[in-house]
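Residues 1 to 454 (the UniProt record's numbering) make up the sequence shown, in order.
Quick notes on the structure that follows.
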Amino acid sequence: MKAVPPPALESGPELRADPLADVTIARVIDAVDSPGGPWQAIGIVNREIARWQTNADLDGWRASAGTPPEVAAALEAYVQAARVLPDWADPARIAVAEKLFMEMSMVSCALLFCASLPECYVLPDLAGVLHTAGQLEQHTDYRVRSTAAMIFPVMMRGGLTASDGGGVAQVLKVRLIHATIRHLILRENPARTMAGVERPVVAPARQRGEDLYHKLFATGWDTARHGLPCNQQELAYTLLTFHYVFLRGLRSLGIGFRAQEEEDYLHAWNVMGHVLGIEKALMPETMAEAKALFTALQERGRRQSWLPDPRPGLGEALMGMMARQIPLPSFKSFPVLLTRHLCGRPTARDLALTGCVGLPTWIAFLTTMGLTRAVDWTVRRVVPQFSLTRMVTRAVGYRFTVRVLMDETRPLKLPTALLGQVDAAVHSWERDPKAPRWVNRLEARLAGRPKETA
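Here it is as structure tokens:
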């Protein structure tokens, strides 16, 4: 029987965007009138938001000297309105979520690569924009690292609630980037696009530059077919991939949180969603609500079409990036198999991850998953926190985290202070405090670390 869509989807979220951020970008671009396009205005925005390094920087923030007055007024009004957490935000519950994220550490990173990001690329419209911009096939690691540059500041201690945290500052940057993308694709404020009776088609234009912004400006867009770019439906779906899909993945691995902890984790990310401009009605408070909304959004999204289908190429690029971090040839298909396990057949089919995998690899994967779950079930009757599944997933996450996210030759684009905090946190994750010493030693060997950190 077909699922009944949640009430929040009945009002057309694909036709709504983010009025506060959209008006801000429209004011900036209108104020910097340039016959060559909006590039000068975008440059000013990028220069100013680079100054938002910690949450404290947003308190009484003022644009730098020399900024055109109307641009300064627009950005200052945006910061003043958007920096405030919702009145329903609970700092104690957010603190619980931060603690859970840090405790899961490398597991969190493994699930980002093998669950959250693959599910994110299932919606054809989302995948289509990424494909058009060339952001994933050609720059997979850039996209992944950009995502991590938002997740880490949000989930670090005090990321959303402390003045020296950086979560709110980073999310407000992303929110304006989304508005910039909408404005470039539609070539106007989305509110103006939706003001007419008919849904307009924005014709493709001649591309005058190779960067992301020029590609988006030249893309073209069919509003009647795809709704608005970066719309409320897509934003809500992406949020679900960061909290619901993560929690679902932990359950699938047999290391899920308690029910109240899951709801606290959802709550923290919903606070982040508010700062990002997502409507409250599209943010579930329980796992049951999250599952219903996620299922409905995927069903709606899959009914859209984008030709040629960009999703297989995106899936191949993501899996290829992970395979390159695994030294043993027989284990290079592990990311594909883990993604299939965590996301299920429909997502694997969307991303063309259902191809043949060598029999030895299949046997190794199934044996590893089966043995670890069996050992976990047995030993936990005596030692409740014991988990070989956690150890294996941490080992996978370590390779991806250190080699992709924390590559010293390409540091994450974060303020120096935040980057130092992230680096310290990642190094502290090398040893699992919940595991016996022999498990940490085995994990170190699997992860390719020289030795277990004491």
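Cβ atoms here follow ideal geometry from the backbone N, Cα and C, with glycine treated the same way.
Use the C-beta contact count for residue i: other C-beta atoms within 10 angstroms, 16 or more gives buried, fewer gives exposed.
i    : result
C109 : buried
V96  : buried
E10  : exposed
W438 : exposed
I177 : buried
E285 : exposed
T453 : Since pLDDT at T453 reaches only 48, below the 50 mark, its modelled position is unreliable, and the value read off the structure follows with that caveat. T453 is exposed by the Cβ-count criterion.
C120 : buried
K2   : Bear in mind that a pLDDT of 48 at K2, under 50, signals an unreliable position, so the model cannot answer this.
D33  : exposed
A259 : exposed
R62  : exposed
C343 : buried
Q421 : buried
D87  : exposed
D407 : exposed
Would DSSP call residue i helix, strand or coil?
i           : result
G12         : coil
I429        : In the sequence under discussion, the amino acid at residue 429 is Trp, which differs from the Ile named in the question. W429: coil per DSSP, three-state reduction.
V201        : strand
D350        : helix
W221        : strand
R182        : helix
residue 456 : Because the chain here runs from 1 to 454, residue 456 falls outside it and cannot be looked at.
Q207        : coil
N231        : coil
V32         : coil
T67         : coil
Cβ-heavy atom distance between residue i and the ligand SAM below 6 Å?
i    : result
T378 : Absence of the ligand SAM is noted for the structure shown, with no ligands found whatsoever.
Please report the distance separating the alpha-carbon of residue i from that of residue j.
i    : j    : result
A89  : G370 : 40 Å
E14  : L123 : 12 Å
R16  : D222 : 15 Å
G36  : F294 : 41 Å
S305 : D125 : 8 Å
E70  : I29  : 10 Å
G66  : V404 : 38 Å
G448 : P360 : 21 Å
P38  : I49  : 17 Å
D264 : K173 : 25 Å
P335 : H341 : 10 Å
G158 : V168 : 10 Å
A417 : A203 : 44 Å
D376 : S252 : 13 Å
E262 : F331 : 32 Å
K215 : G43  : 16 Å
K434 : G166 : 28 Å
P308 : A236 : 25 Å
Inspect the beta-carbon positions of residue i and residue j and report whether they are closer than 7 Å.
i    : j    : result
R175 : G60  : no
Q55  : S163 : According to the sequence provided, residue 55 is Asn. The question's Gln does not apply to it. Their beta carbons are under 7 Å apart, which means N55 touches S163 by this criterion.
P310 : G128 : yes
L388 : T409 : no
A352 : G320 : no
F246 : L111 : yes
M287 : N270 : no
Taking 7 Å as the threshold (beta carbon to beta carbon), is residue i in contact with chain B?
i    : result
L212 : No chain B is present in this structure, which holds just one protein chain.
Exercise. Is the stretch 75-87 close to the stretch 19-30, with three or more CB pairs under 8 Å?
Worked result: yes
Problem set entry | Inter-stretch contact at 8 Å, needing at least 3 Cβ pairs: the stretch 231-251 / the stretch 110-124 | yes
Problem set entry | Any 3 or more C-beta pairs closer than 8 Å across the stretch 148-166 and the stretch 418-429 | yes
Exercise. Would you say the stretch 224-234 touches the stretch 167-185, given that touching needs at least three Cβ pairs under 8 Å?
Worked result: yes
Exercise. Taking contact to mean at least 3 C-beta pairs separated by less than 8 Å, is the stretch 311-327 in contact with the stretch 397-408?
Worked result: yes
For this session: Decide yes or no for the touch test of the stretch 382-397 against the stretch 345-364: beta carbon pairs closer than 8 Å, at least 3 of them.
Result: no
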